[in-house]
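Protein chains in written order, with this note's numbering: chain A, 1 to 179; chain B, 1001 to 1179. The structure under discussion appears below in the form of structure tokens.
Next up, the structure:
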């Protein structure tokens, strides 16, 4: 993570090094660090700057366990230091469009994940929307009002696994001038 | 952009410094740099790693002008060194769900925007989805097949305006343990 380099690819280490980390140590994540993650999330652009994103920070192990049980492949959330539910307020989204809400919340999530990587944390994006059963359970567990749409759950902790930087760049996904 | 700092907030400069840049110099952006932006985009996570994102890189001024005319508030795209249409293949998206397509493409876009900032470029996210008129025009101009959903247009160039780093962090958007 040393940006004092003239190699453009090395400058992007914070992006290529962001991997889905699902194993965490027992170390807690302090309030200042969680706050920085949220500052990074809310530095994302949003449609017409409506910032429809909202966040529920969960640290109570019993709640994390409950949410984990609602997310297939999300069992590891129970062992994370924190979970951040990223949700959107449909009444705040530009033109009340779900599309903008999803785009804006996803940009915020990606900022949060890159920030976590830069700060030496591990994190993983756990999908919630558009699965009706997961949306319903999140609403119940977190007491979300009707206008609040759960998008994803982000697990956060200090990494107990190490993954190599990478890109999944695929040449045939790139077109020039037209399709 | 010096990450050799012990200040956690300064380490996140690449995120807070990403601003919507709409004014560009006449300088061209070389192929290697555009390629790096796309490598960064495709380093984002996607639902079940389906990577439904696709990209159309546009450099021809006449095409940029045509696309700009289809995007309200997007006039400046005509003066950009390049435009990158970020589109999604609904047949490739997890469970063919538009929600995943939008989330995955948005994460890729945010990676691209942060990479542009790190590399000294300016970029701006121009909304396309869910506006039917914009979707239709993009489809026509770029000859997109039916299964390809235009999400956004990203303008890219060397910045002719400077904006200060910032976050739009808002304390009341953060809840703890439950809503």
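Built from N, CA and C at the ideal position, the CB exists for glycine as well. Since we're looking at a predicted model, the values are computed, not measured.
- Here residue 84(A) has 55, 57, 154 as same chain residues with Cβ atoms under 6 Å from its own Cβ, once five neighbours each way along the sequence are excluded.
- Under the three-state reduction of DSSP, residue 1023(B) is assigned to coil, being neither helix nor strand.
- With 16 or more other CB atoms across the displayed protein chains lying within 10 angstroms of its CB, residue 117(A) is buried.
- At a cut-off of 8 Å between C-beta atoms, residue 1138(B) does not count as an interface residue with respect to chain A.
- By the Cβ-count criterion, residue 1060(B) is exposed, with fewer than 16 other Cβ atoms from all chains shown falling within 10 Å of its own Cβ.
- Using a CB distance cut-off of 8 Å, residue 1159(B) does not count as an interface residue toward chain A.
- The beta carbon of residue 127(A) sits closer than 8 Å to some beta carbon of chain B.
- Shown here for residue 1017(B): same chain residues with a beta carbon closer than 6 Å to its own, the five before and five after excluded, namely 1117, 1165 in chain order.
- In the pairwise beta carbon analysis, the stretch 34 to 44 of chain A is classified as not touching the stretch 1059 to 1075 of chain B: fewer than three pairs are separated by under 8 Å.
- By the neighbour-count definition (other C-beta atoms within 10 Å, threshold 16), residue 4(A) is an exposed residue.
- In the displayed model, residue 128(A) falls within coil according to three-state DSSP, outside both helix and strand.
- Counting along the chain, residue 41(A) sits inside the alpha helix (DSSP H) bounded by residues 31 to 41.
- Between residue 1052(B) and residue 1093(B), the CB-CB gap stays under 8 Å.
- Secondary structure note for residue 148(A): its beta strand (DSSP E) is the uninterrupted segment 148 to 157.
- Using a CB distance below 7 Å, the part of the stretch 63 to 88 of chain A facing chain B consists of 63, ordered along the chain.
- By the C-beta density criterion, residue 1136(B) is exposed, having fewer than 16 other C-beta atoms within 10 angstroms.
- With contact defined as three or more Cβ pairs closer than 8 Å, the stretch 109 to 128 of chain A and the stretch 1102 to 1113 of chain B are in contact.
- The CB of residue 51(A) comes closer than 9 Å to the CB of 1168, 1170, 1173 in chain B, given here in chain order.
- In the DSSP assignment, residue 175(A) forms a beta bridge with 1056(B).
- Among the residues of chain B, those whose CB is under 9 Å from the CB of residue 33(A) are 1008, following chain order.
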